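Report on one structure; see the data block that follows.
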């Protein structure tokens, strides 16, 4: 998403070190390399890295290192490599087209597959583990909190009742169960969409990883370095928006204080006043881009 805009706002160029925290299909990574920048590419999905290596490494070179890792570990990786800072960090959140379109990964109910949803296939917990073992209250809480699903209690109750007879194994099995208690009634969006989103976020601790990266970006970015984040749903976007706002405010004030005080978290300046939305042209080519939002902040120069 945002193929040109992301690279523009990263200020990528020769002699700069840029981190692509979500290599995916390698689209952004190739553009970062084309700018002349040194590139550190991370992805927790081994399939994504293998695909990226085939498309990038044969052509390109000594200026890139691809590492299997969740971007939440960026600070530790930089410490291990004795890198004192980077000039840009890009993360393109959400599920890649490859993951969605591969039934065996279990991210989508469009094609029947195992109820997996792990981005890192070495992870211990799958979506099947959650729906087959969690207490009803915990399951409903996940579906409501991460899927913003108003029918979370009804859906959780139906899942628990069904699994007593037979555990859930496949994406279609779960989607059919949800549709029975939440009929589509002519709507284009499948009634299981929000529940699948919630389970995916929980399985991969996506919001926890994002919060860790944002906090660590303060230490990882060199002065003048850019943080560029592409989100795909409101939960992610709110976290990024709140972080940028709290870290780009020089002073904080409260009614009970006689005067404003310096903000101890002040470490960024806001590059974009509002989130950037995809162009109509990009949406026409890739309808999945419709909900994408891009936000940018720049590390203050001490």
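Numbering (my numbering), first residue to last: 4 to 305.
The beta-carbon is built from N, C-alpha and C at its ideal position, and this holds for glycine as well.
All figures in this text were calculated on a predicted structure; none of them were measured in a lab.
query, result
"Three-state class that DSSP yields for residue 291 in the structure shown", "helix"
"Cβ-Cβ separation, residue 263 to residue 351 (assumed contact under 8 Å), whole Å", "The structure shown does not extend to residue 351, since the chain is modelled only from 4 to 305, so the question has no answer here."
"Other residues of its chain near residue 15: CB distance less than 7 Å, five sequence neighbours each side excluded", "21, 35, 38, 40 and 91"
"Counterpart residues of residue 44 in DSSP-defined beta bridges", "23 and 69"
"CA-to-CA distance, residue 136 to residue 227, given in whole angstroms", "47 Å"
"Under 8 Å between C-beta atoms of residue 4 and residue 195", "no"
"Cross-strand partners of residue 91 (DSSP beta bridge)", "21 and 229"
"Residue 181 in three-state terms, based on DSSP", "helix"
"Chain-order list of residues whose beta-carbon lies under 7 Å from that of residue 173 (same chain, five-residue window excluded)", "115, 116, 117 and 118"
"Member of 183, 204 and 32 whose CA lies at the smallest distance from the CA of residue 58", "32"
"Rounded straight-line distance, which links the Cα of residue 304 to that of residue 267", "15 Å"
"Straight-line gap, residue 88 to residue 95 (C-alpha atoms, nearest Å)", "20 Å"
"Test item: CB-CB of residue 247 and residue 296 under 8 Å", "no"
"Nearest to residue 180 (by Cα), restricted to the options 191, 190 and 198", "198"
"Cutoff 7 Å; reference residue 282; Cβ partners in own chain excluding five residues on either side", "none"
"Cα-Cα separation, residue 189 to residue 221", "47 Å"
"For residue 255, the residue or residues it bridges with in DSSP", "264"
"Continuous alpha helix (DSSP H) stretch holding residue 249: start and end", "237-250"
"Close beta carbons around residue 78, own chain, < 7 Å, minus the five adjacent residues each side", "219, 222 and 223"
"Beta-carbon spacing of residue 51, residue 101 below 8 Å", "yes"
"Extent of the continuous beta strand (DSSP E) to which residue 296 belongs", "296-302"
"Alpha-carbon spacing of residue 107 relative to residue 19, whole angstroms", "38 Å"
"For residue 234: DSSP bridge partner residues", "296"
"Cβ neighbours of residue 285 in the same chain (closer than 6 Å, five flanking residues each side left out)", "292"
"Residues of its chain near residue 178, where Cβ-Cβ distance is below 6 Å and the 5 sequence neighbours each way are ignored", "112 and 195"
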